[in-house]
Amino acid sequence: MSEVLLHAEGIDKNFGITHAIDHITLDFYKGEIHALIGENGSGKSTFTSCLTGIYQKDSGTFTLNGRQINAHNQVDGNYQGVAIVVQELGTLSGLTVAENIFLGKEDEFTKHGVKNSRAMNAKAQELLNSYGFDYIKATDPIDKYNFEDRKLIEIVKATHFKPQVLVVDETTTALGEKGRKELFRVMHSIRDDGRCVIFISHDLEEVLEQADNISVLRDGELIDTVASKDVTADDLKKLMVGREMNGKYYRTDYGESVPDEVVLKGENLSVPGEFEGLNIELHKGEILGIGGLSECGMHEVGKALFGASFDRKGTVTLEDGTQINDITTAISHSIAYASKDRDNESLVLNDTIEDNICLPSLEDLKKNHILHAKDMRSFATKYAEQMSTKMEGVTQFVSALSGGNKQKVVLARWIGKDSDIVILDSPTRGIDVKVKADIYQMMDDMRRSGKSILMISEEIAELMGMADRILIMKDGRVNGEFRRNPDIKDTDLIARMV
Amino acid sequence: MAEKKKETNIPIYQKPWFTTAMPIIAFVFICVLFAILTQGRLFAGGNIKLLLSQSYMLLIASTGVFMVMSMGGLDFSQGSMLGVCSVVICFLSKYNIVLAVLGGVAAGGCIGFLNGWFNVKRKITSFIVTICMMYLFRGVVAYATTKSPVYGAADITKYNNIQFTLTYTVIILLVAFLIFQYTGLGSRLKAIGAGETAARYAGIRVDRTKILVYVAAGCITGLAAFINSVKVGSVTSTAGNQLETQIMIALVLGGMPVNGGAKVRFYNIILGVMTYKILTAGLVMLGISTQMQQLLLGIIFLVEVAIFSDRKTGMIVK
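Chains as they are written, first to last, in numbering that gives the first Met the number 0: chain A, 0 to 497; chain B, 0 to 317.
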């Protein structure tokens, strides 16, 4: 392969508590179109935003042609040799076409503090003509043009100064046939010129067609880089969705029967924009898995059953007929819920481990209507230790714990509450192998003691390894059901998801 | 296990032991400073008594705001609320003194309910809601006292003796403390202050609790208004003016985080009010003009907040 043009080393970016990209190291070569793919929120846009100066990275370095670059904003990035065509509208209304093209670079046409608009307009028109967009007039206000033309103007804006690296972030969805052709033409000319295009797209066919190499991101981590001639769209899907088949820590039993007793029933459940017409039954002593792509609505199912969804329709009923419509009722009727959004929904981050464990059990901890501090302390200590949480003590703030230990605190809370129905959304997300094994063991123990678990997971191996029954969701509907069976293949599940 | 070590370069003024110790050090420092500057006059017998008698109203009123601030809210309507409650108390005291107290509590509770309702149901930040209420009810007080101050019963000031007022204050604080500490209310409020969404997911009825706390804060201000009424015997249009800022400065001086949350402690109220009162009394005794006092207090408040605000939770006022 040819020479490295851009080297990214350990790029890391956090948004508050969200780890958007996790130490990504990646090379881009001269004369290539390099695609970045991954699900929503996998960190593609964040990565390129850090490169082009839209965001500031937390750590890591970008080296372009052997020289370290550090863009503080987009214009700064342009001068250092990187440019971006963004996902949304990247031109400013109220300005002319020429003013948009040279936004932030007016100094190039300024002498003695006076801007030479005529020179700027002439230069802009010259550029537009050279791209073959001569029907666009540089002096027109940009609002005269439709979305597609504005994107073309943006392409001129981002490429006229011959940047070494051009990022095209999800632009094609906004373009029609003509616009795409123009865009690809510009991309190809950059590649043929020995420069590089970083291409972000959700359309896998298009990616395979245009890109030379493809890097897959998942949850802010670089999963793999592959050459497009070696892979199919299905391979890419698998990489995007993720599967780890080295699951020796899963359940090993097969063929155990599950009691018919239904402990939790959701009928005709809908949450607008998430899922529709869902009927679900959770049996006693069962682990029911729900899988799918992360946007398929399955994460909202857990919330809906816990009474936490806004605007939910349909009913959630317990065995004894109790209706669950709010969280407080759910908890007092022995339902537990561990959210995928651990840091916002499961845990009060800026509070102690003790308070976090005790919160749902405050009423149970009272003796003669009085809550004693020492009872809270011993309760929290008991369950935090039972989960072998790594901590300095229960008065430590949860915000100081690692992801795995945070999850242990969440589980300690519900084990302490002794809930019979446990809804776990992405229970092992961002958790290392050791803690994962502990969590699977705990789930198996709970199942054996007659508790019921609803596990929502984006990991196929986890679903196949742990669940008695798997529901696969797609676009807000159940699109397949599988019973526990050693012969199920991951491809069967994936076929139902995508 | 691949545990990532967090950067632990926390500046000293944000370390837990420092934020705990600082209000106490500040209290002692202010006591010693003014004792020296006033050559001990500040702590002469009579002055201590005076100091205490001036503290009761602030102590009681701060208790309600303390709960509101624990859950991350603010209450700027306290001053006007105290004014309205005092009008009600003075008016009713002509009939029956117990009725007067109940009336004051009810009036405060109603205003508190309005605060809570607009905050929770209409989803307006407490900052804006309570400033509106401050304005609105200041107008009500001004209207009620247009022609002349509202006078209380002739004998209402007989309650203005240290035995009664001290007992009254101690009982209120004690009850509030017991409820805060031993019913789980404190834990719930702190959780709401530290993370409202997570608190909801832990089964706390956030909306209900919030409204309840605003109502309680109103009722408590009604109780504080009784102390105000027995001390003055009447209400003028400026009754309770700037009480809200006094409360807030006092609580922050006592070590209360402006955003509430887990680091809130009940003793913040007492420590804060005492620090504030000694500070103002000391300044008065040194002959510093009212305008200058206000300027100094403003600076102290700003410095405190600037140093001790917990930026991790962000300045989110609910």
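We put the CB at the ideal spot given by N, CA and C, even for glycine. Please read these numbers as outputs of a predicted model, since none were measured by experiment.
Query raised in the report: Does the beta-carbon distance from residue 263(B) to residue 304(B) come in below 8 Å?
Result: As a working mapping, residue 263(B) is identified with position 264 in the second sequence. As a working mapping, residue 304(B) is identified with position 305 in the second sequence. No, they are not a contact pair.
Query raised in the report: If you measure beta-carbon to beta-carbon, which residues of the region 285-309 of chain A are closer than 7 Å to chain B?
Result: 307
Query raised in the report: So the beta strand (DSSP E) residue 265(A) belongs to, where does it begin and stop?
Result: Stepping through the first sequence from its first residue, residue 265(A) is reached at position 266. Run containing residue 265(A): 261-270, per the beta strand (DSSP E) assignment.
Requested in this report: Give the secondary structure of residue 30(B) by DSSP, where H, G and I count as helix, E and B as strand, and everything else as coil.
Outcome: Mapped onto the second sequence, residue 30(B) falls at position 31. DSSP places residue 30(B) in helix when its eight states are reduced to three.
Query raised in the report: Pick from 341(A), 6(A), 46(A) and 349(A): whose alpha carbon is nearest that of residue 85(A)?
Result: If you number the first sequence from 1, residue 85(A) lands on position 86. The residue with the shortest Cα to Cα distance from residue 85(A) is 46(A).
**Report entry** 8 Å Cβ cut-off: residues of chain A touching residue 203(B)
**Finding:** Here residue 203(B) refers to the residue found at position 204 of the second sequence. Per Cβ cutoff of 8 Å: 327 and 358.
Query - Residue from 441(A), 139(A) and 125(A) with nearest C-alpha to residue 155(A) - result: The residue labelled residue 155(A) in the question sits at position 156 within the first sequence. Measuring from the Cα of residue 155(A), the nearest candidate turns out to be 125(A).
Report task. Mind listing, in chain order, the continuous beta strand (DSSP E) runs of no fewer than 3 residues lying wholly within the region 322-367 of chain A? Result -> 334-337
Query raised in the report: Do residue 80(A) and residue 63(A) have their C-beta atoms within less than 8 Å of each other?
Result: Position 81 of the first sequence holds residue 80(A). Position 64 of the first sequence holds residue 63(A). It is a contact, given that the beta carbons lie within the stated cut-off.
Query raised in the report: When DSSP labels each residue in this structure, what does residue 248(B) get in the three-state scheme?
Result: For the purposes of this step, residue 248(B) is taken as residue 249 along the second sequence, with counting starting at 1. Of the three classes helix, strand and coil, the one that applies to residue 248(B) here is helix, per DSSP.
Query - residue 244(A), DSSP secondary structure in three states - result: The residue you call residue 244(A) lines up with position 245 of the first sequence. The predicted model places residue 244(A) with a pLDDT of 44, which falls under 50 and marks its position as unreliable; any figure quoted below should be read in that light. In this structure, residue 244(A) counts as coil in the three-state DSSP scheme.
Query raised in the report: For residue 22(B), which three-state DSSP category applies?
Result: As a working mapping, residue 22(B) is identified with position 23 in the second sequence. DSSP places residue 22(B) in helix when its eight states are reduced to three.
Query - 8 Å CB neighbourhood of residue 145(A) in its chain, flanking five on each side removed - result: Position 146 of the first sequence holds residue 145(A). Here the set comprises nothing.
Query raised in the report: If you count every other CB in all the chains shown that lies within 10 Å of the CB of residue 406(A), and 16 or more means buried, which is it?
Result: Looking up residue 406(A) in the first sequence gives position 407. Classification of residue 406(A): buried, given that the 10 Å Cβ count is 16 or more.
Query raised in the report: Buried or exposed: which applies to residue 142(B), given that a residue is buried once 16 or more other Cβ atoms fall within 10 Å of its Cβ?
Result: Here residue 142(B) corresponds to residue number 143 of the second sequence, with the count starting at 1. Residue 142(B) should be labelled exposed.
Query raised in the report: What's the call for residue 157(B), buried or exposed, on a 16-neighbour Cβ count within 10 Å?
Result: What you label residue 157(B) is simply residue 158 of the second sequence in a count that begins at 1. Exposed, because fewer than 16 other Cβ atoms sit within 10 Å of the Cβ of residue 157(B).
**Report entry** Span of the alpha helix (DSSP H) around residue 133(B)
**Finding:** Numbered from its first residue, the second sequence carries residue 133(B) at position 134. Where residue 133(B) is concerned, the enclosing alpha helix (DSSP H) stretches over 125-143.
Query raised in the report: With distances taken from CA atoms, which of 380(A), 12(A), 381(A) and 408(A) is nearest residue 347(A)?
Result: Mapped onto the first sequence, residue 347(A) falls at position 348. When only C-alpha atoms are compared, the closest one is 408(A).
Query raised in the report: What do you get for residue 467(A), buried or exposed, if any count of 16 or more other CB atoms within 10 angstroms of its CB means buried?
Result: Counted from its first residue, the first sequence places residue 467(A) at position 468. Buried is the call here.
Query - Helix, strand or coil at residue 150(B) according to DSSP, with G and I counted as helix - result: As a first step, residue 150(B) is located in the second sequence; it is residue number 151 there, counting from the start. In this structure, residue 150(B) counts as strand in the three-state DSSP scheme.
Query - Residue burial classification, residue 413(A) (beta-carbon count within 10 angstroms, cutoff 16) - result: As a first step, residue 413(A) is located in the first sequence; it is residue number 414 there, counting from the start. Its Cβ being crowded by 16 or more others within 10 Å, residue 413(A) is buried.
**Report entry** Amino acids of chain A, ordered along the chain, whose beta-carbon sits closer than 8 Å to that of residue 189(B)
**Finding:** Looking up residue 189(B) in the second sequence gives position 190. Per Cβ cutoff of 8 Å: 350 and 354.
Query raised in the report: Over what stretch of residues does the alpha helix (DSSP H) that includes residue 298(A) continue unbroken?
Result: Within the first sequence, numbered from 1, the residue matching residue 298(A) stands at position 299. Element bounds for residue 298(A): 297-304.
Query - Residue of 94(B), 121(B) and 122(B) minimising C-alpha distance to residue 150(B) - result: On the second sequence, position 151 is the one that residue 150(B) refers to. Out of 94(B), 121(B) and 122(B), 94(B) has the C-alpha closest to the C-alpha of residue 150(B).
Query raised in the report: Roughly how many whole angstroms lie between the Cα atoms of residue 46(B) and residue 40(B)?
Result: By 1-based counting over the second sequence, the position of residue 46(B) is 47. By 1-based counting over the second sequence, the position of residue 40(B) is 41. Rounded to whole angstroms, residue 46(B) to residue 40(B) spans 8 Å at the Cα level.
Query raised in the report: Under the rule that 16 or more other beta-carbon atoms within 10 Å means buried, what is residue 113(A), buried or exposed?
Result: To locate residue 113(A), count along the first sequence from 1; it is residue 114. Answer is exposed; the Cβ neighbour count stays below 16.
Query - Close-in-space but distant-in-sequence residues of the same chain around residue 213(B) (CB under 6 Å, 5 per side omitted) - result: As a working mapping, residue 213(B) is identified with position 214 in the second sequence. 111, 114 and 115.
Query raised in the report: Quick one: Cα of residue 200(A) to Cα of residue 239(A), how far?
Result: For this step, residue 200(A) is matched to residue 201 along the first sequence. For this step, residue 239(A) is matched to residue 240 along the first sequence. One C-alpha to the other measures close to 13 Å.
Report task. Have a look at the DSSP bridge pairing and note the partners of residue 67(A). Result -> The residue given as residue 67(A) occupies position 68 in the first sequence. DSSP, once it has assigned bridges, lists 62(A) as partnering residue 67(A).
**Report entry** Below-8 Å beta-carbon distance, residue 245(A) vs any chain B residue
**Finding:** Taking the first residue of the first sequence as position 1, residue 245(A) is located at position 246. Per-residue confidence for residue 245(A) stands at a pLDDT of 49, beneath the threshold of 50, marking its modelled position as unreliable; the derived number appears in the next sentence. By this cut-off, residue 245(A) is not an interface position.
Report task. Check each residue of the region 54-81 of chain B: if its Cβ is closer than 9 Å to any Cβ of chain A, include it; give the result in chain order. Result -> none
**Report entry** Proximity test, Cβ basis, 8 Å: residue 254(B) and chain A
**Finding:** Within the second sequence, numbered from 1, the residue matching residue 254(B) stands at position 255. So, not an interface residue.
Query raised in the report: Do the region 248-259 of chain A and the region 439-451 of chain A meet, that is, are 3 or more Cβ pairs less than 8 Å apart?
Result: yes
**Report entry** contact_flag[the region 206-222 of chain B, the region 385-400 of chain A] where n(CB pairs < 8 Å) is 3 or more
**Finding:** no
Requested in this report: Identify every run of the beta strand (DSSP E) within the region 407-482 of chain A, keeping only runs that are complete inside it and at least 3 residues long; order them along the chain.
Outcome: 420-424, 451-456, 468-473 and 476-482
Query - Per-residue DSSP class, three states only, for residue 217(A) - result: Here residue 217(A) corresponds to residue number 218 of the first sequence, with the count starting at 1. It is a strand residue.
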